[in-house]
Amino acid sequence: MASNMFFFLSAEVGNMKREGGIVQNADIQIDAQIVLPGQLITREVGYLRGHGTYELDGSLYASVSGIVERVNKLISVKPLKAKYPGEVGDVVVGRITQVLQKTWRIEVNGRQSASLQLSAINLPGGAQRRRTTADELNMRTIFVENDLISCEVQQVHSDGQLALHTRSAKYGKLTGGQLITVPSALMKRVKNHFYSFTFGVDVILGLNGNIWISQTIRDDTNYDLKDIRTETKAEITSISREKISRVRNCIQALASAFAPISPDTIMETYEESIDRGLSCSDILKPDNIYEVTQRARLRR
Amino acid sequence: MFKISESEREYLVGGILQNVRNDGRANLDFRSIVVKTGVLTQTHGSARVQLANTDVLVGIKLETGEPEAQAPHHGRIHVSVECCPSASPEFEGRGGESLNNELTLVIERIIKDTSSFDLSKFSIIPGKLVWIIYIDAMVLDSGGNLFDAISLGTRAALHNTMVPHVDVNIEAEEFTVSDDPESFTRIDVSDIPISVTFCKIGSGYVVDASIEEESCMSVRTTVGVNKKGNICTLQKGGHGSIDPTTMYQMIASAKKIGMRLIEGLDKTLHTESNDLQSKKNIGFFIDQ
Chain A
67 MASNMFFFLS AEVGNMKREG GIVQNADIQI DAQIVLPGQL ITREVGYLRG HGTYELDGSL
127 YASVSGIVER VNKLISVKPL KAKYPGEVGD VVVGRITQVL QKTWRIEVNG RQSASLQLSA
187 INLPGGAQRR RTTADELNMR TIFVENDLIS CEVQQVHSDG QLALHTRSAK YGKLTGGQLI
247 TVPSALMKRV KNHFYSFTFG VDVILGLNGN IWISQTIRDD TNYDLKDIRT ETKAEITSIS
307 REKISRVRNC IQALASAFAP ISPDTIMETY EESIDRGLSC SDILKPDNIY EVTQRARLRR
Chain B
3 MFKISESERE YLVGGILQNV RNDGRANLDF RSIVVKTGVL TQTHGSARVQ LANTDVLVGI
63 KLETGEPEAQ APHHGRIHVS VECCPSASPE FEGRGGESLN NELTLVIERI IKDTSSFDLS
123 KFSIIPGKLV WIIYIDAMVL DSGGNLFDAI SLGTRAALHN TMVPHVDVNI EAEEFTVSDD
183 PESFTRIDVS DIPISVTFCK IGSGYVVDAS IEEESCMSVR TTVGVNKKGN ICTLQKGGHG
243 SIDPTTMYQM IASAKKIGMR LIEGLDKTLH TESNDLQSKK NIGFFIDQ
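Same order as they appear, the protein sequences are chains A and B. Those letters in the first sequence? Residues 67 to 366, per our numbering, in order. Those letters in the second sequence? Residues 3 to 290, per our numbering, in order.
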């Protein structure tokens, strides 16, 4: 068994980062101002203090690291890494942490856990009916602790807590694949967050930074309790596993290069990695990350 | 505790059976390792090792002190490993204690092995005064395989260690430690072993497990290997069992992998110590 081991000096990695970094790259013209916490944004008076900024002696400073945004007189800093705030209609991938009365608690990389009401899911059989106490007692037959689910944000409560729902055939428990977590700020809003790549890999791009990757076998039967329990376990060949892993590593590479993540950038990175003849695990070597994500990073 | 769902576990175990792991590695592949030495100016030697998310910082501090009664002509070694509470919520409070102890024990066994370290070189006034080598490792972030990361870090940090020159007046039993940063000796690290950790998951086993894989493992075997490919220590962790054939396979793989790891590490450290550029680093988190 050949095992590849590769050591890198931190200084070398640093050099690569600098050459290919977002800030100092000759190819990319960045007009945005990137600030660190405590950095002066403006000394001029008359500006309004927005999110991510604070005022000191009449000057405006950044309180988070991110990109300065100006809307007329209002200055705010959009953080590069932040907890997922959530917006109605967002597709998210979350993990069940608790089964409570009539509710599941779900971890979605937010400030607080999201909740999924028993009334916000499609019951087995798909029939619209009142939720009985029997349903309440059987909640663990639907989702148990640690399960991963895809769902949609139904409502953002006044305290910022998210209420989720899975009232569509496409949402529900995730099986037969793997999860990768990236900073949610990198997730790009696209038309379809359920994307099927032509090479036989499906992704669910949760806007909270959780991405589910699985192989393409999607039967269009409604999400059904019976289907979950007696689910036919599709055999996953090593070839499709390699493809799934390649997509995973491409997403990881994009995340380490701090490039936006969307079906397009994933596809570009995937193709680039194949064109360069990189093996699946070679994508994540520090010098290759810069190379494979080049096209995705230049995209604006 | 990092937890994954039943279906994720099934996928992960299935992948190991097919020799394709979640991140595309084969079962016996390591992740890329990033090493940097001389990261802490307050220490005599230091190193930082990154294995994907795993981030380990090792500092070596030397102090003069009395030798142990049973070894009056040998220096002393003191190992301590601490998991930073910011690495994982499970390390908060007393949560990380058992892991700290386990990590400390394994590293201590590897380092204190008599074949790895000639401790008689650390005696200053025989029977009276010796160097005490404090090896402190800090786990800054945990992405799996802490054992190997710390052992690599320890070897790198010892390689980086500068032992100050000591002027000794044997008759008067007086000594002065040199302040001159130019007058020091290096430690010979060539015989210091590193560890290779295997995790048994399902019926297969993997090397350099990620945190997801560690959450599925039944047994962990840490094998200490030196440059010549000799086995120095063996430590089992976890609740499961291993059959003897697998054990032999693990040891054979450990030998191969360990030798390659040491070769790679030595080459990297050699390049780094010859590279003037890397000496200009101004800080720990900032690359120039």
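Cβ coordinates follow ideal geometry from the N, Cα and C atoms, glycine included.
Going by C-alpha to C-alpha distance, which of the options sits closest to residue i?
| i | options | result |
| --- | --- | --- |
| B/Asn55 | B/Gly146, B/Met261, B/Glu216 | B/Gly146 |
| A/Ser345 | A/Pro326, A/Gln360, A/Ile305, A/Ala321 | A/Ile305 |
| A/Ala235 | A/Phe263, A/Asn188, A/Ile208 | A/Asn188 |
| A/Ser328 | A/Thr303, A/Glu121, A/Arg363 | A/Arg363 |
| A/Trp170 | A/Ala325, A/Gly242, A/Glu211, A/Lys149 | A/Glu211 |
| A/Gln227 | A/Ser181, A/Phe265, A/Gly343 | A/Ser181 |
| B/Cys234 | B/His241, B/Thr224, B/Gly242, B/Ser243 | B/Thr224 |
| A/Ile133 | A/Leu230, A/Ala148, A/Arg197 | A/Ala148 |
| B/Pro74 | B/Thr45, B/Glu92, B/Ile127 | B/Ile127 |
| A/Lys139 | A/Thr108, A/Ser262, A/Tyr356, A/Arg161 | A/Thr108 |
| B/Gly47 | B/Leu263, B/Leu14, B/Tyr136 | B/Tyr136 |
| A/Arg161 | A/Val111, A/Leu240, A/Glu308 | A/Leu240 |
| B/Lys202 | B/Ser243, B/Ser117, B/Ala159, B/Gly17 | B/Ser243 |
| A/Gly104 | A/Leu114, A/Val143, A/Arg314 | A/Val143 |
| A/Leu25 | A/Asp201, A/Leu245, A/Ser224 | The structure shown does not extend to residue 25 of chain A, since chain A is modelled only from 67 to 366, so the question has no answer here. |
| B/Glu10 | B/Cys85, B/Leu19, B/Glu215 | B/Glu215 |
Quick one: Cα of residue i to Cα of residue j, how far?
| i | j | result |
| --- | --- | --- |
| A/Ser131 | A/Asn175 | 19 Å |
| B/Gly239 | B/Met252 | 14 Å |
| B/Lys187 | B/Pro166 | Looking at the sequence provided, one finds Thr at residue 187 of chain B rather than Lys. One C-alpha to the other measures close to 7 Å. |
| B/Val36 | B/Asp57 | 9 Å |
| B/Gly95 | B/Pro87 | 8 Å |
| A/Thr119 | B/Asp25 | 39 Å |
| B/Val1 | B/Ile189 | In the structure displayed, chain B extends from 3 to 290; residue 1 of chain B sits before or after that span and is not available. |
| B/Glu274 | B/Leu154 | 15 Å |
| B/Ala211 | B/Val221 | 12 Å |
| B/Ser125 | B/Ser144 | 37 Å |
| B/Ile259 | B/His76 | 32 Å |
| B/Ala71 | B/His80 | 16 Å |
| B/Lys63 | B/Ser34 | 28 Å |
| A/Thr335 | A/Leu122 | 44 Å |
| B/Phe149 | B/Ala89 | 15 Å |
| B/Ala28 | A/Gly112 | 60 Å |
| A/Lys309 | A/Asp330 | 16 Å |
| B/Val208 | B/Thr247 | 15 Å |
| B/Asn103 | B/Glu110 | 10 Å |
| B/Ile117 | B/Ser197 | Before going further, note that residue 117 of chain B is Ser rather than Ile in the sequence given. Their Cα atoms are separated by approximately 15 Å. |
| A/Gly243 | A/Ser262 | 14 Å |
| A/Leu271 | A/Arg177 | 20 Å |
| B/Gly16 | B/Ile213 | 17 Å |
For residue i, count neighbouring C-beta atoms within 10 Å of its own C-beta (all shown protein chains included) and say buried if the count is 16 or more, exposed if not.
| i | result |
| --- | --- |
| B/Arg23 | buried |
| B/Tyr250 | exposed |
| A/Gln164 | exposed |
| B/Glu184 | exposed |
| A/Asn276 | buried |
| B/Glu265 | exposed |
| A/Val352 | Note that residue 352 of chain A corresponds to Pro in the displayed sequence, not to Val. With 16 or more Cβ atoms within 10 Å of its Cβ, A/Pro352 is classed as buried. |
| B/Glu99 | exposed |
| A/Val157 | buried |
| B/Val179 | exposed |
| A/Gly343 | exposed |
| A/Gly238 | buried |
| B/Asn162 | buried |
| A/Thr232 | buried |
| A/Val137 | exposed |
| A/Ile141 | buried |
| B/Ser255 | buried |
| A/Gln318 | buried |
| B/Thr45 | buried |
Would you say residue i touches the ligand ATP, meaning its beta carbon is less than 8 Å from a heavy atom?
| i | result |
| --- | --- |
| B/Ser7 | Looking at this structure, you won't find the ligand ATP or any other ligand, since it has none at all. |
State whether the stretch 67 to 87 of chain B contacts the stretch 117 to 136 of chain B, with contact taken as three or more CB pairs (one from each stretch) at a distance under 8 Å.
Judged by pairs of C-beta atoms under 8 Å, the stretch 67 to 87 of chain B touches the stretch 117 to 136 of chain B, as three or more such pairs exist.
Check whether the stretch 215 to 229 of chain A touches the stretch 246 to 255 of chain A, taking contact to mean three or more Cβ pairs, one atom from each stretch, closer than 8 Å.
At 8 Å Cβ cutoff, the stretches do not touch.
What alpha helix (DSSP H) runs, 4 residues minimum, are completely inside the stretch 197 to 280 of chain B?
Fully enclosed alpha helix (DSSP H) runs of 4 or longer: 213 to 216, 246 to 276.
Whole runs of the beta strand (DSSP E) within the stretch 75 to 163 of chain B, excluding any shorter than 3 residues:
Counting whole runs of 3 or more residues, the stretch 75 to 163 of chain B contains the beta strand (DSSP E) stretches 78 to 85, 125 to 127, 131 to 143.
Using 8 Å as the threshold, is the stretch 150 to 162 of chain A in touch with the stretch 123 to 142 of chain A, meaning 3 or more CB pairs across them?
Cβ pair count under 8 Å is below three, so no.
My parser needs the beta strand (DSSP E) runs of 3 or more residues fully inside the stretch 306 to 357 of chain A; what are they?
Counting only unbroken stretches of 3 or more residues, no beta strand (DSSP E) element lies wholly within the stretch 306 to 357 of chain A.
Taking only runs that begin and end inside the stretch 153 to 213 of chain A, name each unbroken alpha helix (DSSP H) of 4 or more residues, in chain order.
Entirely contained in the stretch 153 to 213 of chain A, the alpha helix (DSSP H) runs reaching 4 residues are, in chain order, 199 to 203, 205 to 208.
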